[in-house]
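Single-structure report; data block below.
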Amino acid sequence: MTRRAKPLRIAVVGGGPAGLYFAELMKRRHPAHEVRVYERNARDATFGFGVVFSDRALEFLRADDAELYAALLPHVESWGDLTVVHRDTPLPIDGNGFAAIGRLALLNLLQARAERRGVQLLFAHEAPPLVALEADADLVVAADGAHSLLRQAHAAALGATVAERPNRFCWYGTTKAFDTLTLTFRSAPEGVFCAHHYRYAPHMSTFLVEVDAATWERSGLARMAARGAEAEAIALCERIFAPELEGLPLVSNRSLWRTFPVVRCERWSAGRLVPIGDALRTAHFSVGSGTRLAMEDALALARALDEADGDLPAAFARFEALRRPPMEKLWAAAHASMEWYERMADWMALAPYAFAHAYMTRTGRVSEAQLQRIAPRFMARYRAAEGA
935 MTRRAKPLRI
945 AVVGGGPAGL
955 YFAELMKRRH
965 PAHEVRVYER
975 NARDATFGFG
985 VVFSDRALEF
995 LRADDAELYA
1005 ALLPHVESWG
1015 DLTVVHRDTP
1025 LPIDGNGFAA
1035 IGRLALLNLL
1045 QARAERRGVQ
1055 LLFAHEAPPL
1065 VALEADADLV
1075 VAADGAHSLL
1085 RQAHAAALGA
1095 TVAERPNRFC
1105 WYGTTKAFDT
1115 LTLTFRSAPE
1125 GVFCAHHYRY
1135 APHMSTFLVE
1145 VDAATWERSG
1155 LARMAARGAE
1165 AEAIALCERI
1175 FAPELEGLPL
1185 VSNRSLWRTF
1195 PVVRCERWSA
1205 GRLVPIGDAL
1215 RTAHFSVGSG
1225 TRLAMEDALA
1235 LARALDEADG
1245 DLPAAFARFE
1255 ALRRPPMEKL
1265 WAAAHASMEW
1275 YERMADWMAL
1285 APYAFAHAYM
1295 TRTGRVSEAQ
1305 LQRIAPRFMA
1315 RYRAAEGA
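Each residue of the sequence shown is one higher than the last, beginning at 935 in our numbering.
Below, the structure written as structure tokens:
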């Protein structure tokens, strides 16, 4: 490993997985670096419930950071199948392993590791403007999420665009512990609903509800949101997904209905500023890769800085060379998945197995042959149902 003669002063804005992991990596590799993380929220504040990784998403961590992988493993819930529910018919799809961890548990673990390395974590602390950060730091990392204030302030320099999509979604939780990652689709007089639900702790699950634009209006959810009628929205979702919840309530944690922002940066740095994670680009939550991308960005940026040995423009170019090709492929898949959900009402007429097959091939990255190899038991049932 190359060691710099001159330690770096690094300011990280945002104390989510991307910022915390990058900060800890840099102090682990270079204890003389001065690394400071600015996080606007309190230490134990988090929004949402659990985060999910595919088996493949965790493999990068096993290969590139076995130490963190081993630290995470005792805290994750894992399972081997994915389940699609259509017309009240559960359809297990083999060969689709996932793991999940509570977002707060992940943040607390990363916080503790960063502080043990000597990273300075500043909670409930707004970051100074970029000009002030650059006056005090050699490198400024924007890890402040999809609504990054640093990216917004320097949108022209980064070539940044943000496009809000039409579907609405809300992150809830429930004490019902689901056996697998499950996508439940339901038609009702109010419209078409989808729940993305999975356990992230032995007695707790994420329960994300998504609706298309027509359902948002027809169901009254738009009016409820305008009136701040959170209890009414929760009651509606509990009624729609009563079979799945089995009488248990949905839990809110500042659970607001929102649209998904598609973030893109044409240029990956501006001066000493480099965005990572959702501040750089977003991938729709339906492919379960947001946290994976953020942590892979942190690894790649740390590696690029080592290889460039203090030459920031060279490090930024290397970071982009490492990350843009795989990111573009995953982003394309996530975008196709997002568009599939925006048209989910069009798919509801399909029979259950045809629907599940359409779901599994929605991104264009899984061919018939690949699906046969990955999920032979599902494909046998699909062919029997279709008379093939």
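Backbone N, C-alpha and C fix where the C-beta goes; we use that ideal spot for every residue, glycine too.
Give the single residue among the options whose Cα lies nearest to the Cα of residue i.
i	options	result
Gly984	Gly948, Thr1140 and Leu959	Thr1140
Arg1021	Ala1061, Ala966, Leu1117 and Ala1268	Leu1117
Thr1193	Arg1257, Val1096 and Pro951	Val1096
Pro1183	Gly1107, Gln1045, Ser1012 and Leu1227	Gly1107
Ala1285	Val947, Phe1127, Glu1011 and Val1018	Val1018
Asp998	Ala1091, Tyr955, Ala1048 and His967	Tyr955
Pro1062	Arg1050, Gly1298 and Ala1076	Ala1076
Ala1149	Gly949, Glu1164 and Leu1170	It is worth fixing the name first, because residue 1149 is Thr in this sequence and not Ala. The residue with the shortest Cα to Cα distance from Thr1149 is Leu1170.
Arg996	Gly1181, Lys940, Arg1226 and Ser1186	Arg1226
Tyr1293	Ala1270, Arg1215 and Ala1303	Ala1270
Ala1279	Ala1147, Leu1067 and Arg974	Ala1147
Asn1101	Pro1177, Pro1310, Leu992 and Val1196	Val1196
Gly1377	Gln1045, His964, Pro1008 and Ala1039	Since the displayed the chain opens at 935 and closes at 1322, residue 1377 lies outside it and no answer follows.
Glu1001	Leu1038, Arg1047, Gly1298 and Ala1213	Arg1047
Ala1080	Ala1090, Ala1094 and Leu1067	Ala1094
Thr980	Asn1042, Phe1032 and Leu942	Asn1042
Leu1103	Val1300, Ile1168, Glu1302 and His964	For clarity, residue 1103 is Phe in the given sequence; the question names Leu instead. If we check each option's Cα against that of Phe1103, Ile1168 comes out closest.
Leu1067	Leu1092, Val971 and Arg963	Val971
Leu1246	Gly1205, Ala976 and Leu1214	Gly1205
Trp1013	Asp989, Leu1092, Glu1200 and Gln1304	Asp989
Ser1082	Arg1152, Pro1024, Ala1213 and Pro1008	Ala1213
Leu1092	Cys1199, Ser1186, Leu1038 and Pro1024	Cys1199
Val946	Pro1008, Glu1060 and Phe1032	Glu1060
Glu1124	Leu992, Ala976 and Arg1152	Arg1152
Leu1040	Pro1259, His1009 and Glu993	His1009
Ala991	Ala1314, Leu1007 and Phe1032	Phe1032
Leu1006	Leu1239, Leu1038 and Leu1055	Leu1038
Ala1266	Gly953, Arg1296 and Asp1240	Arg1296
Leu1055	Phe994, Met1313 and Asn975	Asn975
If you drop the 5 nearest sequence neighbours on each side, which residues of the same chain put their C-beta closer than 6 Å to that of residue i?
i	result
Val969	Ile944, Ala957, Met960, Lys961 and Val1053
Glu1254	Trp1202
Trp1105	Gly982, Leu1142 and Ser1189
Ala1122	Ile1174
Phe1127	Arg1120, Val1145 and Ile1174
Ala1034	Gly984, Val986, Glu1011, Tyr1132 and Tyr1134
Tyr1316	Tyr1287 and His1291
Count the other CB atoms, across all protein chains shown, that sit within 10 Å of the CB of residue i; report buried if there are 16 or more and exposed otherwise.
i	result
Leu1190	exposed
Asp978	exposed
Glu1320	exposed
Ala1058	exposed
Pro951	buried
His1137	exposed
Ala1236	buried
Asp1078	buried
Ala1290	buried
Gly1298	exposed
Thr1216	buried
Met1282	exposed
Ala1309	buried
Arg1050	exposed
Arg1258	exposed
Glu1262	exposed
Ala1165	exposed
Leu973	The sequence given here has Glu at residue 973, not Leu. Classification for Glu973: buried.
Ala1303	exposed
Ala1238	buried
Excluding the five sequence neighbours on either side, which residues of its own chain have a C-beta within less than 7 Å of the C-beta of residue i, listed in chain order?
i	result
Ala1242	Ala1248, Ala1249 and Arg1252
Leu1064	Val1074, Leu1084, Ala1087, His1088 and Leu1207
Asp1015	Pro1026, Ile1027, Asp1028, Asn1030 and Thr1114
Phe1112	His1131, Tyr1132, Arg1133 and Ser1139
Val1300	Met1294
Thr1109	His1137, Met1138 and Leu1182
Glu1172	Leu1179, Pro1183 and Leu1184
Arg1307	none
Got a sec: is the Cβ-Cβ distance from residue i to anything in chain D below 8 Å?
i	result
Leu1040	Chain labels in this structure do not include chain D; a single protein chain is all it has.
Near residue i, what residues of its chain come up, given a Cβ to Cβ distance below 8 Å and the 5 sequence neighbours on each side ignored?
i	result
Leu1155	Arg1102, Val1145, Thr1149, Ala1167, Leu1170 and Trp1191
Pro941	His964, Ala966, His967 and Glu968
Pro1177	Asp1022
Leu1264	Ala1217, Val1221, Ser1223 and Leu1227
The ligand SAH and residue i: does any heavy atom of the ligand fall closer than 7 Å to the residue's C-beta?
i	result
Trp1202	No copy of the ligand SAH appears in this structure; indeed no ligand is present at all.
### Message
Report the start-end ranges of each beta strand (DSSP E) in the stretch 1167-1208 that is 3 residues or longer and not cut off at the edges.
### Response
1192-1199
### Task
Say whether the stretch 1262-1276 touches the stretch 1215-1224, bearing in mind that this needs 3 or more beta-carbon pairs closer than 8 Å, one atom from each stretch.
yes
### Task
Would you check if the stretch 1229-1239 and the stretch 1195-1215 touch, i.e. whether three or more CB-CB distances between them fall below 8 Å?
yes
### Query
What residue ranges within the stretch 1048-1117 form continuous beta strand (DSSP E) runs of no fewer than 3 residues, ordered along the chain?
1054-1056, 1073-1076 and 1094-1108
### Query
Going along the chain, which unbroken runs of the alpha helix (DSSP H) with 4 or more residues stay wholly within the stretch 1268-1299?
1278-1281 and 1286-1294
### Stretch-stretch touch, CB-based, cutoff 8 Å, three pairs: the stretch 1160-1169 with the stretch 1056-1072
no
### Task
With a floor of 4 residues, list each alpha helix (DSSP H) that falls wholly inside the stretch 996-1031, ordered by position along the chain.
1000-1006
### Message
Which runs of the beta strand (DSSP E) at least 3 residues long sit entirely within the stretch 943-991? Give them in chain order.
### Response
943-947, 968-972 and 984-988
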